[in-house]
RNA sequence: GGCUCGGUGGCAGAGUGGUUAUGCAGCGGAUUGCAAAUCCGUCAACGCCGGUUCGAUUCCGACCCGAGCCUCCA
């Protein structure tokens, strides 16, 4: 039982060893709740959900926190645009985010800290940084002084000089060094704000995560995850804040997922080439989206397309079909995870594509197995599915249900199947085939077997 | 410009210093009234040029191409 993860900080795979022997702390950057999550936003959620499930098989206590950023310029802008209150906007999109992620079979995190509930911790952290000479006040802002930290840039592997060379942004006049970033900024009277030693204001984005991690998980956590694009500046700055405030390690393992591409370009809100999870759920079931997201390794870009989703749908249908044929077979026997190849694949830096390949191998064994071997094989397949967060539904429910609007209802289908059975018994094959064609046109595929005719929606 | 990371068969996508996953699609066969599902078999790949090596897709170097970060972004 040993998990290996790729640590962005060291740029290599490392054996995972938590700080405490039987417990793990994990934090993943959550959403800024000003609009709907897109499918790219869902990738880290699904990836780290698999990690969460995997860790739970080995450690007695796994504390997984995913924050809600509910104070931000974009939220203020969104509220203003729609003429609604900030709270109304954040409540709506927080609720929708939870629904969408649940639809993807993502387990709820252990903790879901909200930025606005942790303002005191943020102010305290800012004060500590000022006291220790790592931050300064300037024109009602409080800024982190990057030059006060010798190894600033270590995570993103760039030096302050590199950053200056590539600077594309005008430097605000209240900054001592162009790389200094905001810990606290003033709030306009009409905007949300909190009283602080530096006047009424609100926290900078990077500060939120550092403060919430400290408040809820401690000074050193085991795993911090998020999208690759957060490496700089967000995570770099978190490290600066937390290390300078508390000393010691901040995060033992940094994990970053690659993003989803559309036509070879990153899917992002700024490019506008995104598809929301909610919209996609109108066409595909959450499990299909989840499977698609897991079909490539989390550190590789994944090209998002209709073909990808159709492929995922077809593959899941094949697995559920396998399970449906075994409905009378109980899943039984002891599954020794440590010896399972799908499990070892996941232990190796979450190699989900390889784990899925092992699922195929299990399904194949199942098709060929003697009856006596089936209960254990089925249990193994289901255990693998559980870790990946798939294949847990009743096969008929999955195969006969659909994401979109319902077509022909099940009763009518059964009636036609019965009629076709009779036609077949009478050797009226033309009629039997006509019924099959009619059902196919209605999106229903038939499968004859010794046990009778089964159907599924396609 | 600086800093990262990639380029694998028709498509998706793992992996490895030598026996070259897996899925879909294709082809041949078994099965089926015909299909579907399933099974058996089969085709096919490692960007380009050098180097190291008995042997490289895998290691090293150059080159070409692509993506990302350097600004809010999963």
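Residue numbers (my numbering): 54 to 511. Backbone N, C-alpha and C fix where the C-beta goes; we use that ideal spot for every residue, glycine too.
Following the DSSP letters along the chain, one finds residue 471 in no beta strand (DSSP E) but inside the alpha helix (DSSP H) bounded by residues 463 to 478. Listed in chain order, the non-local C-beta contacts of residue 357 below 6 Å within the same chain comprise 313 and 315, local neighbours out to five positions each way being set aside. Residue pairing for residue 197: DSSP places it in a beta bridge opposite 188 and 234. Annotated three-state conformation of residue 502 is strand, per DSSP. Secondary structure at residue 296: helix, using DSSP grouped into helix, strand and coil. For residue 199, the closest alpha carbon among the candidates 290, 334 and 327 is that of 290. By the Cβ-count criterion, residue 266 is buried, with 16 or more other Cβ atoms from all chains shown falling within 10 Å of its own Cβ.
Rounded to whole angstroms, the separation of the alpha carbons of residue 398 and residue 405 is 7 Å.
DSSP places residue 139 in the uninterrupted alpha helix (DSSP H) bounded by 139 to 156. In its chain, beyond the 5 residues on either side, 284, 285 and 289 have a beta carbon closer than 7 Å to the beta carbon of residue 209. For residue 278, the secondary structure class from DSSP, reduced to helix, strand or coil, is strand. A residue is called buried when at least 16 other Cβ atoms come within 10 angstroms of its Cβ; residue 445 does not meet this threshold and is exposed. As the crow flies, the alpha-carbon of residue 332 is around 31 Å from that of residue 402. Residue pairing of residue 77 in beta bridges, as defined by DSSP: 115.
Partner residues in the beta bridge of residue 67, as assigned by DSSP, are 58. Remark: fewer than three beta-carbon pairs, one from each stretch, lie closer than 8 Å, so the segment 185 to 202 and the segment 150 to 157 are not flagged as touching. With contacts defined as CB atoms closer than 7 Å, residue 69 and residue 81 fail to qualify as a contacting pair.
Proximity to residue 236 across 189, 71 and 506 peaks at 189, based on C-alpha coordinates. In the structure shown, residue 448 falls within a helical segment according to DSSP collapsed to helix, strand and coil. Of the residues 76, 322, 379 and 393, the one whose Cα lies closest to the Cα of residue 502 is 379. The shortest CA-to-CA distance from residue 100 to any of 135, 385 and 342 is the one to 342.
Among the bridge pairs identified by DSSP, residue 306 is matched with 276. Beta-bridge partners assigned by DSSP to residue 266: none are found.
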